[in-house]
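In the working numbering, the protein residues as written are 12 to 537. Ideal Cβ placement from N, Cα and C applies to all residues, glycine included. Read through the structure below, which is laid out as C-alpha cells, and then see the notes.
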Amino acid sequence: MSWTSLVLPELVLAGTALAVLLLDLFLAPDRRRLTAYLGLAGTAAALAAAAWLWVALEGGTGPATIAAKAAPIAGMLRLDTFALVFKLLFLAIGLLVVLLSIDFVERRGLPVGEFYSLLLFAVLGMMLMAASRDLVMIYLGLETTSIASYALAGLLRRDLRSGEAALKYFLTGALASAVILFGMSLIYGATGSTDLAALMTSSTVRAGTAAWFGPVALAGLVLLIVGFGFKVAAVPFHFWAPDAYEGAPTPVTTFFSVGPKAASFAVLLRVFGPVLGPAGGWSTAMPGAGALPTLFAVLAVVTMTVGNLTALSQRNIKRMLAYSSIAHAGYALVGLAVAAADPRGLAAIIYYLLAYAAMNTGAFAVVIWLNNRGTGDDVADYVGLGRRAPLAAIALVVCFLSLIGIPPTAGFFGKFYLFLAAIGGGMTWLAVVMVVNSAISVGYYYSVVRNMYLRAEAATEADGAVPAGAATAGAAEPGGPDSPGEPVPGTPLVGAALGLAVLAVFVLGFLFEPLARLAGLAGIGM
Numbered sequence: 012m013s014w015t016s017l018v019l020p021e022l023v024l025a026g027t028a029l030a031v032l033l034l035d036l037f038l039a040p041d042r043r044r045l046t047a048y049l050g051l052a053g054t055a056a057a058l059a060a061a062a063w064l065w066v067a068l069e070g071g072t073g074p075a076t077i078a079a080k081a082a083p084i085a086g087m088l089r090l091d092t093f094a095l096v097f098k099l100l101f102l103a104i105g106l107l108v109v110l111l112s113i114d115f116v117e118r119r120g121l122p123v124g125e126f127y128s129l130l131l132f133a134v135l136g137m138m139l140m141a142a143s144r145d146l147v148m149i150y151l152g153l154e155t156t157s158i159a160s161y162a163l164a165g166l167l168r169r170d171l172r173s174g175e176a177a178l179k180y181f182l183t184g185a186l187a188s189a190v191i192l193f194g195m196s197l198i199y200g201a202t203g204s205t206d207l208a209a210l211m212t213s214s215t216v217r218a219g220t221a222a223w224f225g226p227v228a229l230a231g232l233v234l235l236i237v238g239f240g241f242k243v244a245a246v247p248f249h250f251w252a253p254d255a256y257e258g259a260p261t262p263v264t265t266f267f268s269v270g271p272k273a274a275s276f277a278v279l280l281r282v283f284g285p286v287l288g289p290a291g292g293w294s295t296a297m298p299g300a301g302a303l304p305t306l307f308a309v310l311a312v313v314t315m316t317v318g319n320l321t322a323l324s325q326r327n328i329k330r331m332l333a334y335s336s337i338a339h340a341g342y343a344l345v346g347l348a349v350a351a352a353d354p355r356g357l358a359a360i361i362y363y364l365l366a367y368a369a370m371n372t373g374a375f376a377v378v379i380w381l382n383n384r385g386t387g388d389d390v391a392d393y394v395g396l397g398r399r400a401p402l403a404a405i406a407l408v409v410c411f412l413s414l415i416g417i418p419p420t421a422g423f424f425g426k427f428y429l430f431l432a433a434i435g436g437g438m439t440w441l442a443v444v445m446v447v448n449s450a451i452s453v454g455y456y457y458s459v460v461r462n463m464y465l466r467a468e469a470a471t472e473a474d475g476a477v478p479a480g481a482a483t484a485g486a487a488e489p490g491g492p493d494s495p496g497e498p499v500p501g502t503p504l505v506g507a508a509l510g511l512a513v514l515a516v517f518v519l520g521f522l523f524e525p526l527a528r529l530a531g532l533a534g535i536g537m
C-alpha cells in the first residue's frame, strides 16, 4: 500500500477544504449553501476513506494487526490502531458539526466559505496530531488546528463577545504553543531526537548515560503537560475556556468542546503513554519521573472539582457547559494518573473521549436548536422546553444523564472504566473524588431539566418579556426570538445531528466491552 493511500483521509479533507474556498468565490450569495453541502460530502468521503483503511489494514484478523502492518509514513506519521480510532472520531465530530452549523451559519450571516474551510483544516490538524510519531509533526498539527480555531471563534464579526473570545483564545493559545515548543526543544536537547519511537528506545534514554539527561528531559515533559493543560482547559490553565465558549458561534463552541480537546489528549497519550506504561519508558533513566502520576492525579482532582463547583453558579448555558467540559477533562486525566500502575488507564481515556464526544455534542445540538430560533443561551430560556420542543428536551435529558454517568449511557461506562483503573492502580481515593464530583455535577444539570419540565412560563409571559438570554442570542436574526411559550420547531439537519449523537450515547454504552478491548489495543499499539 502506497504512502498516499495511508494518508487518503487527510488528502480528501485537505482537497475538500480548498475546493470549498474556491467554490465560494464563484457562487452567488443565495447559493452559497452549496459550499456547506460540499464540506459535508467531503467530510463523509474522508470518513469513508478512514473506514476503508481500517478494513484494508485489518485484513480480517483483528484490529491488533493494524499496528504490526502499518509502517511509519515519511518518518513522521504512523497509521496504527490508535491513530485510526482518533481519525474516525475526529471525522465523525466534523461531520456532526457541519450538520449542526448549516442553518446557524445561514441565519447569522457568517462567511460560508471561510467557516467550512477553517473547520475542515482544524479537523485535518487534529488528525495529524493523533497520527504523529515526531514532536515536530505534533507541533505542526497543533498549529494547524489552533490557527483555524482562533479564526473560527471570531467569525461573528458584529458581536463583541465573539471578538473577545477570539482574542483571549489567541493570546492564551499562543502562550501555550510557546510553552509546548520550549518543552520540545528541551527534550530534543537532552536526547538529540524528536522521533518518539527513537526517544523510547535510544541507549541514552534507557541508560541515562548523560548526567544532565534526567533534569532537562523531565523539565521538557513538565512543560508539555503545562502547554497541553492549556489546550484541554485543565485547572489552573482553564481561564480562557468559559469566555471563548460563550463568545464563539455555538457550532464552533461545540467543536471546541470535543475536537481540539480530544486531539490534545491524543498527543498526551502518544507522548506519556510509553513513559507511564508498563515498560517504564524514560522513567528508567530519569530521576523524578516517578512523580508524574502524582502530578496528573493532582491536576485531575483540581480540574474536576473547580469545574463542577464553578458550573453550579452559571446562568449562561454555554459557560455552564464550558465548566462542565473542564470537569470532564479532569475525569480523563485520572487515566493518565493511574496508567503507570494499571494499563487500563490509557484504554479508559480513549473510551471516555469517544463517549464524551457523543454526549457533549448532543447537549450543544439542543442549544443550537434554540439558537436557530433566536434564543437558548441562558438557562432561563429552557423554561417549558419539555412542552415547546419535547424531542429536543428528551434528547438533552439523555445527554445530561450520560454526562452525569447514569446507566445505561456511554458516560456511565466511561466513568466506570476510569473508576476501575483508579482502583486497580492503587488510587482508590481518586476514584472516590470522581464519584463525589459526579454527584456535584447533578446540581447544575438538574437546574436546566427543572426549567424544562417543572417551572411554569406564567411569570415570563405575564410581563411580556423574553427570557434573559434571548435578546442577545436573537439579535443577529431577523425577526428576533420566538415568543415565550410558543413551540420551538427544529430543522431536519439539526435534528439529524442530534439524533445521531443520542444514538451514539446508547450504542457506545451497549458496545462497551468490544470498544474497551479496542481501546486497550489502541493503547498498547502506541
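Report task. Can you grab the Cα-Cα spacing for the pair G124 / A164, in whole Å? Result -> As a first step, residue 124 is located in the sequence shown; it is residue number 113 there, counting from the start. As a first step, residue 164 is located in the sequence shown; it is residue number 153 there, counting from the start. Their Cα atoms are separated by approximately 15 angstroms.
Report task. Would you kindly check if the distance between the Cβ of L153 and the Cβ of A274 is under 9 angstroms? Result -> Taking the first residue of the sequence shown as position 1, residue 274 is located at position 263. Taking the first residue of the sequence shown as position 1, residue 153 is located at position 142. Yes, Cβ-Cβ distance for A274 and L153 is below 9 angstroms.
Query raised in the report: Who does D389 pair with in a DSSP beta bridge?
Result: Counting from 1 along the sequence shown, the entry for residue 389 is found at position 378. D389 pairs with N327.
Report task. Look up D206 in the DSSP assignment and give the residues it is bridged to. Result -> Locating residue 206 in the sequence shown gives position 195, where the first residue counts as 1. Per DSSP, D145.
Query raised in the report: Just to confirm, are M463 and G395 a CB contact at a threshold of 9 angstroms?
Result: If you number the sequence shown from 1, residue 463 lands on position 452. If you number the sequence shown from 1, residue 395 lands on position 384. In this structure, G395 lies closer than 9 angstroms to M463 by Cβ.
**Report entry** Coil, strand or helix - H339 by DSSP
**Finding:** Position 328 of the sequence shown, counted from the first residue, corresponds to residue 339. H339: helix per DSSP, three-state reduction.
Query raised in the report: Whose C-alpha, out of T264, A187, I415 and G387, is nearest the C-alpha of R326?
Result: For the purposes of this step, residue 326 is taken as the residue at position 315 of the sequence shown. Out of T264, A187, I415 and G387, G387 has the C-alpha closest to the C-alpha of R326.
Query raised in the report: CB T205 to CB M195, shorter than 9 angstroms?
Result: In the sequence shown, the residue the question calls residue 205 occupies position 194. In the sequence shown, the residue the question calls residue 195 occupies position 184. Contact flag set, yes.
**Report entry** Residue span of the alpha helix (DSSP H) that contains P20, given as start and end
**Finding:** Counting from 1 along the sequence shown, the entry for residue 20 is found at position 9. Per DSSP, P20 belongs to the alpha helix (DSSP H) from L19 to F37.
Requested in this report: Report the rounded CA-to-CA distance for V443 versus L519, giving the unit in angstroms.
Outcome: For the purposes of this step, residue 443 is taken as the residue at position 432 of the sequence shown. For the purposes of this step, residue 519 is taken as the residue at position 508 of the sequence shown. Cα to Cα, the separation comes out at about 24 angstroms.
Query raised in the report: E497 by DSSP, collapsed to three states: which one?
Result: Numbered from its first residue, the sequence shown carries residue 497 at position 486. If DSSP states are grouped into helix, strand and coil, E497 belongs with coil.
Requested in this report: Rounded to whole angstroms, what's the CA-CA distance from T483 to T92? Just pull it up for me.
Outcome: As a working mapping, residue 483 is identified with position 472 in the sequence shown. As a working mapping, residue 92 is identified with position 81 in the sequence shown. Here T483 scores only 42 on pLDDT, less than 50, and its place in the model should not be relied on; the value that follows carries that caveat. Near 45 angstroms, if we compare the C-alpha coordinates of T92 and T483.
Query raised in the report: So, is P401 buried or exposed, given that buried needs 16 or more other C-beta atoms within 10 angstroms?
Result: Stepping through the sequence shown from its first residue, residue 401 is reached at position 390. Flag for P401 reads exposed.
**Report entry** Same chain, Cβ closer than 7 angstroms to R398, neighbours up to 5 away in sequence not counted
**Finding:** Locating residue 398 in the sequence shown gives position 387, where the first residue counts as 1. Closer than 7 angstroms at Cβ, skipping near neighbours: no residue.
Query raised in the report: Going along the chain, which residues of its own chain have a beta-carbon closer than 6 angstroms to the beta-carbon of G174, five neighbours each way excluded?
Result: Counted from its first residue, the sequence shown places residue 174 at position 163. G165, listed in sequence order.
Query raised in the report: Rounded to a whole number of angstroms, what is the C-alpha to C-alpha distance between A302 and A209?
Result: Along the sequence shown, one-based indexing puts residue 302 at 291. Along the sequence shown, one-based indexing puts residue 209 at 198. When rounded, the distance between both Cα atoms is 23 angstroms.
Query raised in the report: Does the distance from the C-beta atom of L364 to that of L100 stay below 9 angstroms?
Result: Stepping through the sequence shown from its first residue, residue 364 is reached at position 353. Stepping through the sequence shown from its first residue, residue 100 is reached at position 89. Going by C-beta atoms, L364 is nearer than 9 angstroms to L100.
Query - Exposed unless 16 or more other CB atoms sit within 10 angstroms - verdict on T439 - result: As a position in the sequence shown, residue 439 is number 428, starting the count at 1. Exposed, by the Cβ-count rule.
Query raised in the report: Cα separation between L24 and L131?
Result: Working through the sequence shown from its first residue, we reach residue 24 at position 13. Working through the sequence shown from its first residue, we reach residue 131 at position 120. Using only the alpha carbons, I get a separation of about 7 angstroms.
Requested in this report: Could you have a look at F521 and say whether DSSP puts it in helix, strand or coil?
Outcome: Walking along the sequence shown from the start, residue 521 turns up at place 510. Note: F521 maps to helix in three-state DSSP.
Query raised in the report: So, helix, strand or coil for R528, using DSSP?
Result: Residue mapping note: residue 528 aligns to position 517 of the sequence shown, counting from 1. Three-state DSSP puts R528 in a helix.
Requested in this report: Work out the CA separation of A433 and V345 for me, nearest whole Å.
Outcome: Sequence index remark: in the sequence shown, residue 345 carries index 334 (1-based). Sequence index remark: in the sequence shown, residue 433 carries index 422 (1-based). Roughly 7 angstroms separates the two Cα atoms.
**Report entry** A133, DSSP secondary structure in three states
**Finding:** Within the sequence shown, numbered from 1, the residue matching residue 133 stands at position 122. Here A133 sits in helix by DSSP.
Requested in this report: Compute the distance between the beta-carbons of I113 and R44, then report whether it is under 9 angstroms.
Outcome: The sequence position of residue 113 within the sequence shown is 102, counting from 1. The sequence position of residue 44 within the sequence shown is 33, counting from 1. The answer is yes: Cβ separation under 9 angstroms.
Report task. Pick helix, strand or coil for N383, following the three-state DSSP scheme. Result -> Sequence index remark: in the sequence shown, residue 383 carries index 372 (1-based). Of the three classes helix, strand and coil, the one that applies to N383 here is coil, per DSSP.
Report task. Could you round the C-beta distance between K242 and P271 to whole angstroms and report it? I think they count as a contact, below 8 angstroms. Result -> As a first step, residue 242 must be located in the sequence shown, where it is residue number 231. As a first step, residue 271 must be located in the sequence shown, where it is residue number 260. With a Cβ gap of about 6 angstroms, K242 and P271 count as contacting.
Report task. Using only alpha-carbon positions, find the residue among L139, D145 and R144 that is nearest to T155. Result -> Residue mapping note: residue 155 aligns to position 144 of the sequence shown, counting from 1. Minimum Cα distance to T155 is reached at L139.
Query raised in the report: Do you know how far the Cα of A67 is from the Cα of T54?
Result: As a working mapping, residue 54 is identified with position 43 in the sequence shown. As a working mapping, residue 67 is identified with position 56 in the sequence shown. Their Cα atoms are separated by approximately 20 angstroms.
Requested in this report: Count the other CB atoms, across all protein chains shown, that sit within 10 Å of the CB of W63; report buried if there are 16 or more and exposed otherwise.
Outcome: Taking the first residue of the sequence shown as 1, we reach residue 63 at position 52. By the 10 Å Cβ count, W63 comes out exposed.
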